[in-house]
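In UniProt numbering, the protein residues as written are 1 to 242.
Only one structure is covered here, and it is reproduced in the block below.
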(Lines of atoms letter the chains of each structure in order from A; the text may use other names.)
(Lines give C-alpha, C1' and ligand atoms only; values in the text may rest on other atoms or scores of the structure.)
Protein backbone atom coordinates (compact mmCIF):
# COMPACT_ATOMS: atom_id res chain seq x y z
CA UNK A 1 0.00 0.00 0.00
CA UNK A 2 1.10 3.54 -0.77
CA UNK A 3 0.77 5.80 2.28
CA UNK A 4 0.68 9.56 2.81
CA UNK A 5 1.37 11.00 6.29
CA UNK A 6 -0.05 14.43 7.19
CA UNK A 7 0.64 16.33 10.41
CA UNK A 8 1.82 19.86 11.17
CA UNK A 9 4.19 18.46 13.82
CA UNK A 10 7.36 16.93 12.29
CA UNK A 11 7.87 14.70 15.33
CA UNK A 12 4.39 13.25 14.94
CA UNK A 13 5.02 12.52 11.25
CA UNK A 14 8.32 10.83 12.05
CA UNK A 15 6.62 8.67 14.67
CA UNK A 16 4.03 7.35 12.21
CA UNK A 17 6.63 6.83 9.48
CA UNK A 18 8.84 4.87 11.89
CA UNK A 19 5.93 2.58 12.73
CA UNK A 20 5.07 2.10 9.06
CA UNK A 21 8.67 1.11 8.33
CA UNK A 22 7.93 -2.18 10.13
CA UNK A 23 5.20 -2.98 7.60
CA UNK A 24 6.77 -4.76 4.63
CA UNK A 25 3.80 -4.18 2.34
CA UNK A 26 3.47 -0.44 3.01
CA UNK A 27 5.47 2.37 1.43
CA UNK A 28 5.36 6.01 2.52
CA UNK A 29 5.12 7.98 -0.73
CA UNK A 30 4.86 11.45 0.76
CA UNK A 31 4.41 13.78 3.71
CA UNK A 32 2.45 17.01 4.21
CA UNK A 33 2.44 19.55 7.02
CA UNK A 34 -0.93 21.25 6.46
CA UNK A 35 -4.36 20.64 5.01
CA UNK A 36 -3.82 22.44 1.70
CA UNK A 37 -0.63 20.50 1.02
CA UNK A 38 -2.47 17.31 1.96
CA UNK A 39 -5.15 17.93 -0.68
CA UNK A 40 -2.47 18.55 -3.32
CA UNK A 41 -0.55 15.44 -2.28
CA UNK A 42 -3.66 13.23 -2.34
CA UNK A 43 -4.54 14.47 -5.82
CA UNK A 44 -0.99 14.13 -7.12
CA UNK A 45 0.31 10.99 -5.42
CA UNK A 46 -2.95 9.01 -5.32
CA UNK A 47 -2.08 7.21 -2.06
CA UNK A 48 -4.02 4.12 -0.99
CA UNK A 49 -4.01 5.22 2.65
CA UNK A 50 -3.55 8.52 4.47
CA UNK A 51 -2.82 9.14 8.14
CA UNK A 52 -3.93 12.72 8.76
CA UNK A 53 -4.06 15.01 11.78
CA UNK A 54 -7.22 17.05 12.35
CA UNK A 55 -6.14 20.26 14.13
CA UNK A 56 -3.85 21.99 11.64
CA UNK A 57 -3.39 25.66 10.68
CA UNK A 58 -5.62 27.18 7.98
CA UNK A 59 -7.24 24.02 6.58
CA UNK A 60 -7.94 21.25 9.09
CA UNK A 61 -7.72 17.55 8.28
CA UNK A 62 -11.49 17.01 8.21
CA UNK A 63 -11.97 19.78 5.65
CA UNK A 64 -9.02 18.55 3.59
CA UNK A 65 -10.49 15.06 3.27
CA UNK A 66 -13.98 16.42 2.56
CA UNK A 67 -12.60 18.40 -0.42
CA UNK A 68 -11.98 15.18 -2.34
CA UNK A 69 -14.92 13.42 -4.01
CA UNK A 70 -15.72 10.19 -2.18
CA UNK A 71 -14.79 8.00 -5.15
CA UNK A 72 -11.31 9.58 -5.28
CA UNK A 73 -10.54 9.43 -1.57
CA UNK A 74 -7.90 7.10 -0.17
CA UNK A 75 -8.57 5.09 2.96
CA UNK A 76 -8.42 7.65 5.79
CA UNK A 77 -7.18 7.21 9.35
CA UNK A 78 -7.40 10.36 11.45
CA UNK A 79 -4.83 10.99 14.16
CA UNK A 80 -5.66 13.57 16.83
CA UNK A 81 -4.92 14.62 20.38
CA UNK A 82 -8.63 15.40 20.83
CA UNK A 83 -11.52 12.95 20.92
CA UNK A 84 -14.34 15.43 20.19
CA UNK A 85 -13.91 15.17 16.42
CA UNK A 86 -14.61 11.43 16.21
CA UNK A 87 -18.20 11.76 14.99
CA UNK A 88 -17.20 14.26 12.28
CA UNK A 89 -14.38 11.94 11.25
CA UNK A 90 -16.74 9.07 10.58
CA UNK A 91 -19.13 11.41 8.77
CA UNK A 92 -16.43 11.79 6.10
CA UNK A 93 -16.16 7.97 6.09
CA UNK A 94 -12.86 7.63 7.89
CA UNK A 95 -11.77 4.06 8.55
CA UNK A 96 -10.39 4.78 12.01
CA UNK A 97 -9.57 7.45 14.58
CA UNK A 98 -6.35 7.24 16.60
CA UNK A 99 -5.73 9.32 19.69
CA UNK A 100 -2.33 10.80 20.47
CA UNK A 101 -0.09 9.64 22.01
CA UNK A 102 -0.52 6.64 19.74
CA UNK A 103 -0.56 3.24 21.39
CA UNK A 104 1.48 0.64 19.46
CA UNK A 105 -1.14 -2.10 19.70
CA UNK A 106 -3.90 0.29 18.66
CA UNK A 107 -1.79 1.44 15.70
CA UNK A 108 -1.18 -2.17 14.59
CA UNK A 109 -4.90 -2.87 14.81
CA UNK A 110 -5.65 0.19 12.67
CA UNK A 111 -3.08 -0.81 10.06
CA UNK A 112 -4.55 -4.32 9.88
CA UNK A 113 -8.01 -2.82 9.29
CA UNK A 114 -6.60 -0.61 6.54
CA UNK A 115 -5.05 -3.59 4.77
CA UNK A 116 -8.33 -5.49 4.92
CA UNK A 117 -10.25 -2.50 3.58
CA UNK A 118 -7.75 -1.99 0.76
CA UNK A 119 -7.88 -5.63 -0.32
CA UNK A 120 -11.68 -5.51 -0.26
CA UNK A 121 -11.88 -2.55 -2.61
CA UNK A 122 -13.14 -3.71 -6.05
CA UNK A 123 -11.10 -1.05 -7.86
CA UNK A 124 -7.95 -0.06 -6.00
CA UNK A 125 -6.09 3.06 -7.07
CA UNK A 126 -3.74 2.59 -9.99
CA UNK A 127 -0.66 4.47 -11.02
CA UNK A 128 -1.03 7.57 -13.20
CA UNK A 129 -0.16 7.29 -16.90
CA UNK A 130 3.06 5.33 -17.18
CA UNK A 131 5.79 7.05 -19.22
CA UNK A 132 7.55 5.23 -22.05
CA UNK A 133 10.09 8.02 -22.59
CA UNK A 134 11.68 10.83 -20.59
CA UNK A 135 12.79 14.23 -21.81
CA UNK A 136 15.96 15.36 -20.04
CA UNK A 137 18.15 18.40 -20.48
CA UNK A 138 21.76 17.70 -21.47
CA UNK A 139 23.70 20.97 -21.59
CA UNK A 140 21.89 23.32 -23.95
CA UNK A 141 19.83 20.61 -25.62
CA UNK A 142 17.01 18.28 -24.66
CA UNK A 143 17.35 14.54 -25.13
CA UNK A 144 14.59 11.94 -25.31
CA UNK A 145 15.40 8.78 -23.37
CA UNK A 146 13.56 5.48 -23.83
CA UNK A 147 12.53 4.11 -20.44
CA UNK A 148 13.57 0.64 -21.62
CA UNK A 149 17.21 1.79 -21.40
CA UNK A 150 16.98 2.84 -17.72
CA UNK A 151 18.69 0.39 -15.32
CA UNK A 152 18.04 2.14 -12.03
CA UNK A 153 17.07 5.53 -10.59
CA UNK A 154 18.21 7.39 -7.49
CA UNK A 155 16.92 10.46 -5.70
CA UNK A 156 18.86 13.72 -5.99
CA UNK A 157 16.93 16.33 -4.03
CA UNK A 158 14.01 17.46 -6.18
CA UNK A 159 15.49 15.59 -9.14
CA UNK A 160 15.98 11.95 -10.09
CA UNK A 161 19.19 10.59 -11.59
CA UNK A 162 18.60 8.05 -14.36
CA UNK A 163 21.29 5.40 -14.75
CA UNK A 164 21.61 3.99 -18.25
CA UNK A 165 24.67 1.73 -18.22
CA UNK A 166 27.66 4.06 -17.77
CA UNK A 167 25.55 7.18 -18.45
CA UNK A 168 23.71 9.27 -15.86
CA UNK A 169 21.05 11.82 -16.76
CA UNK A 170 19.19 14.20 -14.47
CA UNK A 171 15.39 14.22 -14.67
CA UNK A 172 13.55 17.20 -13.21
CA UNK A 173 11.09 15.18 -11.15
CA UNK A 174 11.33 14.05 -7.49
CA UNK A 175 11.69 10.32 -6.95
CA UNK A 176 8.48 9.91 -4.93
CA UNK A 177 6.43 11.38 -7.77
CA UNK A 178 8.25 9.36 -10.42
CA UNK A 179 7.74 6.16 -8.42
CA UNK A 180 3.97 6.61 -8.57
CA UNK A 181 4.09 6.74 -12.41
CA UNK A 182 6.41 3.84 -13.20
CA UNK A 183 5.09 0.42 -14.25
CA UNK A 184 5.24 -1.73 -11.06
CA UNK A 185 5.80 -4.82 -13.23
CA UNK A 186 9.05 -3.29 -14.51
CA UNK A 187 10.35 -1.15 -11.64
CA UNK A 188 10.49 -1.76 -7.91
CA UNK A 189 11.58 0.49 -5.07
CA UNK A 190 14.43 -0.98 -3.01
CA UNK A 191 15.20 2.01 -0.80
CA UNK A 192 13.67 5.35 0.08
CA UNK A 193 16.04 6.88 -2.48
CA UNK A 194 16.42 4.07 -5.05
CA UNK A 195 14.30 2.38 -7.72
CA UNK A 196 15.59 -0.48 -9.88
CA UNK A 197 14.44 -2.20 -13.06
CA UNK A 198 13.46 -5.73 -12.06
CA UNK A 199 14.97 -7.32 -15.18
CA UNK A 200 18.40 -5.87 -14.34
CA UNK A 201 18.69 -7.66 -10.98
CA UNK A 202 21.17 -10.51 -11.29
CA UNK A 203 21.83 -11.43 -7.63
CA UNK A 204 20.35 -10.80 -4.21
CA UNK A 205 22.11 -11.45 -0.92
CA UNK A 206 20.49 -11.20 2.52
CA UNK A 207 22.35 -9.25 5.21
CA UNK A 208 22.34 -9.88 8.95
CA UNK A 209 20.23 -6.78 9.76
CA UNK A 210 17.40 -7.87 7.41
CA UNK A 211 18.60 -5.51 4.70
CA UNK A 212 19.92 -7.02 1.47
CA UNK A 213 22.38 -6.30 -1.32
CA UNK A 214 21.64 -6.76 -4.98
CA UNK A 215 23.95 -6.84 -7.96
CA UNK A 216 22.73 -5.72 -11.35
CA UNK A 217 23.64 -7.34 -14.65
CA UNK A 218 26.33 -4.68 -15.22
CA UNK A 219 27.90 -5.36 -11.81
CA UNK A 220 26.42 -2.37 -9.95
CA UNK A 221 25.86 -3.15 -6.27
CA UNK A 222 22.89 -1.53 -4.50
CA UNK A 223 21.59 -1.81 -0.96
CA UNK A 224 18.00 -2.89 -0.31
CA UNK A 225 16.32 -1.51 2.82
CA UNK A 226 14.52 -4.06 4.98
CA UNK A 227 11.30 -2.14 4.31
CA UNK A 228 11.46 -3.10 0.65
CA UNK A 229 13.06 -6.57 0.63
CA UNK A 230 9.76 -8.44 0.53
CA UNK A 231 8.43 -6.26 -2.29
CA UNK A 232 11.64 -6.88 -4.25
CA UNK A 233 11.45 -10.66 -3.79
CA UNK A 234 7.82 -10.63 -4.85
CA UNK A 235 8.64 -8.56 -7.94
CA UNK A 236 11.46 -10.96 -8.87
CA UNK A 237 9.16 -13.93 -8.40
CA UNK A 238 6.46 -12.41 -10.57
CA UNK A 239 9.00 -11.42 -13.21
CA UNK A 240 10.38 -14.97 -13.31
CA UNK A 241 6.91 -16.44 -13.58
CA UNK A 242 5.88 -14.18 -16.46
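C-beta: ideal position from N, C-alpha, C; glycine also.
Quick caveat, the model's predicted, so the values are computed rather than measured.
If you draw a straight line from the Cα of residue 52 to the Cα of residue 7, it is about 6 angstroms long. The residue among 166, 202 and 77 with its C-alpha nearest the C-alpha of residue 217 is 202. The beta carbon of residue 220 sits closer than 8 angstroms to those of 151, 152 and 163, all from its chain and outside the five residues before and after it, given in chain order. In the structure shown, residue 229 falls within a helical segment according to DSSP collapsed to helix, strand and coil. Using a Cβ distance threshold of 8 angstroms, residue 236 and residue 198 count as a contacting pair. Looking at the backbone, the Cα of residue 45 and that of residue 64 are separated by about 15 angstroms.
Pairing residue 208 with residue 225, the inter-Cα distance amounts to about 12 angstroms. Under the Cβ criterion (8 angstroms, minimum of three pairs), the segment 135-148 does not count as touching the segment 98-110. With at least 16 other beta carbons inside 10 angstroms of its own, residue 5 counts as buried. Residue 179 and residue 30 have their C-alpha atoms roughly 11 angstroms apart. A direct Cα-Cα distance of roughly 30 angstroms separates residue 118 from residue 200. Between residue 165 and the set 41, 149, 187 and 145, the nearest pair of CA atoms involves 149.
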